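Numbering (this note's numbering), first residue to last: 23 to 258.
What follows is one structure encoded as structure tokens, with my remarks underneath.
Laid out in structure tokens, this is it:
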């Protein structure tokens, strides 16, 4: 996890550096005397955690914290306990009163780790929910829904056409694979085809086009397909 220190006191900065170096989980990316010195790094690199002193010349730590991107977690460090309540008005993980003991520091870092791990799990779950496992060529392929252009069914197997001129052939029928694809993204448009609505470039009463590929629109599926499109915010 990338972190920074912003503190105008040299002794406090060095003490925090020493504590951070004891935690392999943390990677110190910058140490600054005042908030504005940290701005170029924050604008150019992913920073996940900021240790901010509250009382500094110019802009104070509280005001600076309000300008940080939402994903940056904040731990305030200060010699003044009276600022504790105010500090929790921003995205504050903890509030450390100087001098900071190693035990108290590690307690704060445990909070950071829990939040960090929870966020990563949620991201992984979201990515998993937007994909499907396809067995083809004697192995499993992790396929994101956004990479599927359309699916063509042929009796007991289907061909899945993907971006970048790729395709997978798998032993599953069209009805089965339709049940695994989200209805807000995919529509069945004939007995043989399922299309990804996000990749449709044009259509008429008889055909749907994905790039330059013409896919026939079956008569018995036409009305439902129109309803699908009318309820989709991606279609005007």
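Quick reminder that beta carbons are idealized off the backbone N, C-alpha and C, glycines included.
Note that the structure is predicted; figures quoted are calculated from it, not measured.
What's the C-alpha gap between residue 231 and residue 174?
Counting from 1 along the chain shown, the entry for residue 231 is found at position 209. Counting from 1 along the chain shown, the entry for residue 174 is found at position 152. Cα-Cα distance, rounded: 14 angstroms.
Report task. Give the straight-line distance between the Cα atoms of residue 164 and residue 224, rounded to the nearest whole angstrom. Result -> Within the chain shown, numbered from 1, the residue matching residue 164 stands at position 142. Within the chain shown, numbered from 1, the residue matching residue 224 stands at position 202. The alpha-carbon atoms of residue 164 and residue 224 are separated by roughly 28 angstroms.
- Item | Anticipated Cβ contact below 8 angstroms, residue 4 with residue 155, distance rounded | Past the edges of the chain, shown from 23 to 258, lies residue 4, and the structure says nothing about it.
Under 8 angstroms between the Cβ atoms of residue 221 and residue 171? For the purposes of this step, residue 221 is taken as the residue at position 199 of the chain shown. For the purposes of this step, residue 171 is taken as the residue at position 149 of the chain shown. Contact: yes.
Going by the beta-carbon positions, is the gap between residue 279 and residue 94 smaller than 8 angstroms?
-> Since the first and last residues shown for the chain are 23 and 258, residue 279 lies out of range.
- Message: Using CA atoms only, rank isn't needed, just tell me which of 126, 85, 118 and 90 is closest to residue 101.
- Response: Taking the first residue of the chain shown as position 1, residue 101 is located at position 79. Looking at 126, 85, 118 and 90, the one whose alpha-carbon comes closest to that of residue 101 is 118.
Nearest-angstrom Cβ-Cβ length linking residue 23 and residue 138, presumed shorter than 8 angstroms: As a working mapping, residue 23 is identified with position 1 in the chain shown. As a working mapping, residue 138 is identified with position 116 in the chain shown. In this structure, residue 23 and residue 138 form a Cβ contact; the two beta carbons are roughly 6 angstroms apart against a cut-off of 8 angstroms.
One or two residues paired with residue 174 in a DSSP bridge | Start at 1 with the first residue of the chain shown, and residue 174 comes out as number 152. According to DSSP, residue 174 bridges with 181 and 215.
- Task: Put residue 118 into one of helix, strand or coil per three-state DSSP.
- Result: Within the chain shown, numbered from 1, the residue matching residue 118 stands at position 96. Strand, per DSSP.
Rounded separation between residue 74 and residue 253 - CA only: For the purposes of this step, residue 74 is taken as residue 52 along the chain shown, with counting starting at 1. For the purposes of this step, residue 253 is taken as residue 231 along the chain shown, with counting starting at 1. Rounded to whole angstroms, residue 74 to residue 253 spans 48 angstroms at the Cα level.
What is the DSSP secondary structure of residue 127, counted as helix, strand or coil? On the chain shown, residue 127 is found 105 positions in, with the first residue counted as 1. Note: residue 127 maps to helix in three-state DSSP.
Pick helix, strand or coil for residue 69, following the three-state DSSP scheme. Sequence index remark: in the chain shown, residue 69 carries index 47 (1-based). Here residue 69 sits in coil by DSSP.
Check: How far does the beta strand (DSSP E) with residue 52 in it reach, from first residue to last?
Finding: Position 30 of the chain shown, counting from 1, holds the residue named residue 52. Looking at the DSSP string, the run of the beta strand (DSSP E) that includes residue 52 is 49-54.
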